[in-house]
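Numbering (UniProt numbering), first residue to last: 1 to 255.
Using N, Cα and C, we set each Cβ at its ideal position, and we do this for glycine too.
Structure first, commentary second.
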Amino acid sequence: ITPANEEAPERFPLHREQSSVCSSPLDPRRVCFAEEAEVVSPPPSSDNASSSSSSGPSPPRRRSSCLRAALIHQVIHQEDDCVPLAREHPTKRGQAWHEELRRHNLVFHRTYVGAAVELHISHPDLVTLTDLQTVAQDAIQEFEEARLMYEDMSAQWQEAEADLVKDLERANQVLQAANKERLRKPRGTTDIEQSETEDEAVSNQNDDWLNSGGLVGAGELRLRFVDLMPKSRRNGRNRNRRRCTTRMQASKSDG
């Protein structure tokens with residue numbers, strides 16, 4: 001993982017492995033890329049030129065990689081019947097095994113929150129406390145939205161929720177040490193629906209406020225100037241509008 005604005009060193013490449021470039025899930029302002037060490041030719045010198053006729057061209061040297069860390073998303077549990085890529089048997093891949101890999105900046109993670117925690121601890125210049133909060137809050141919101149959209153799969157969310165809650169607790173320990181606000185746990189379907197009912201009530205109050213002359217205009221014109229509403233009402237309305245949009249998108253995809 002490397003900042004997007006970090007300039008690459010000057011190179012004299014003979015051969016270069018293809019790099020895989022992708023947008024980082026942790027922060028859209030950064031990119032992550034992995035590449036093998038490059039084989040480069042040394043700068044020309046008088047000594048090399050004088051000896052080239054007798055001993056041939058000088059052997060290439062290897063330049064170190066720009067890789068800061070490697071994150072591996074562990075999508076299956078380590079079980080005895082799994083065929084691992086590692087040489088060690090799953091029963092031998094305990095805490096010490098993970099710590100040794102982490103020492104070499106090779107990190108396994110179950111959720112993006114866990115990946116953000118690991119990167120913040122090892123490379124706080126790449127993932128700041130603010131970045132960690134953003135990743136965690138987005139993960140909570142997306143998990144709740146997914147649970148609402150796929151209610152028939154509620155039994156299959158338990159394992160994923162347990163992994164998310166575990167990593168959220170690790171994130172809370174980091175935030176608490178920095179005197180930051182703790183993150184909440186993901187809400188259940190009943191709690192989410194109850195919150196939506198409260199938001200609908202707030203939305204109706206907002207409509208009454210608009211219709212009573214709180215904002216002159218009608219239709220789309222009102223929506224464009226909704227920021228003129230009191231903040232306590234505006235926040236509830238925006239949350240309700242986002243949830244309605246999510247439901248509409250889900251209905252269209254089902255149709």
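Name the DSSP beta bridge partners of Val107, please? Against the sequence shown, residue 107 aligns to sequence position 107. Leu71, per the DSSP bridge assignment.
Taking the Cβ atom as the reference point for each residue, do Ile76 and Val107 lie within a distance shorter than 9 Å? Numbered from 1 along the sequence shown, position 76 holds the residue referred to as residue 76. Numbered from 1 along the sequence shown, position 107 holds the residue referred to as residue 107. Cβ distance not < 9 Å, so Ile76 and Val107 don't count as in contact.
Using the C-alpha atoms, what's the distance from Arg93 back to Pro186? On the sequence shown, position 186 is the one that residue 186 refers to. On the sequence shown, position 93 is the one that residue 93 refers to. The alpha-carbon atoms of Pro186 and Arg93 are separated by roughly 30 Å.
How big is the Cα-Cα spacing for Leu175 and Val113? Translated into the one-based positions of the sequence shown, residue 175 becomes position 175. Translated into the one-based positions of the sequence shown, residue 113 becomes position 113. Whole-angstrom Cα-Cα distance: 13 Å.
C-beta contact flag for Lys180 and Gln133 at 9 Å: What you label residue 180 is simply residue 180 of the sequence shown in a count that begins at 1. What you label residue 133 is simply residue 133 of the sequence shown in a count that begins at 1. Less than 9 Å separates the beta-carbon of Lys180 from that of Gln133.
Measuring CA to CA, which of Ser195, Cys66, Arg87, Gln95 is closest to Leu148? Counting from one through the sequence shown, the residue named residue 148 turns up at place 148. The candidate whose alpha carbon is nearest that of Leu148 is Ser195.
Would you mind working out which of Ala69, Val117, His123, Ala116 sits nearest Leu101, comparing C-alpha positions? Reading the sequence shown from its first residue, position 101 is the one you call residue 101. Sorting Ala69, Val117, His123, Ala116 by C-alpha distance to the C-alpha of Leu101 places Ala69 at the top.
Identify whether Gly114 lies in helix, strand or coil by the three-state DSSP scheme. Residue numbering aside, residue 114 sits at position 114 when the sequence shown is read from its first letter. Three-state result, Gly114: helix.
Does Ile76 come out as helix, strand or coil in the three-state DSSP assignment? Stepping through the sequence shown from its first residue, residue 76 is reached at position 76. Coil.
Can you tell me which of Ala160, Gln74, Ile140, Trp157 puts its alpha carbon nearest to the alpha carbon of Ala171? Counted from its first residue, the sequence shown places residue 171 at position 171. Cα-wise, what sits closest to Ala171 is Ile140.
What first and last residue would you give for the alpha helix (DSSP H) that runs through Gln173? Numbered from its first residue, the sequence shown carries residue 173 at position 173. Unbroken alpha helix (DSSP H) run through Gln173: 157–177.
Under a three-way DSSP split, which group does Lys92 fall into? Here residue 92 corresponds to residue number 92 of the sequence shown, with the count starting at 1. Reduced to three states, the DSSP call for Lys92 is helix.
Taking the alpha-carbon positions, what's the Glu99 to Val117 distance? If you number the sequence shown from 1, residue 99 lands on position 99. If you number the sequence shown from 1, residue 117 lands on position 117. Just so you know, the alpha carbons of Glu99 and Val117 end up roughly 15 Å apart.
Nearest candidate by alpha-carbon position, reference Glu142, set Gln74, Glu88, Ile192: Residue 142 sits at position 142 when you count from the first residue of the sequence shown. Minimum Cα distance to Glu142 is reached at Ile192.
Among the residues of its own chain, which have a CB less than 8 Å from the CB of Pro28, if the five just before and after it don't count? Here residue 28 refers to the residue found at position 28 when the sequence shown is read from its first residue. Caution is warranted here: a pLDDT of 37 is assigned to Pro28, below 50, making its placement in the model unreliable, and the coordinate value is therefore given only provisionally. Once the five neighbours on either side are set aside, Pro28 has no close Cβ partner at all.
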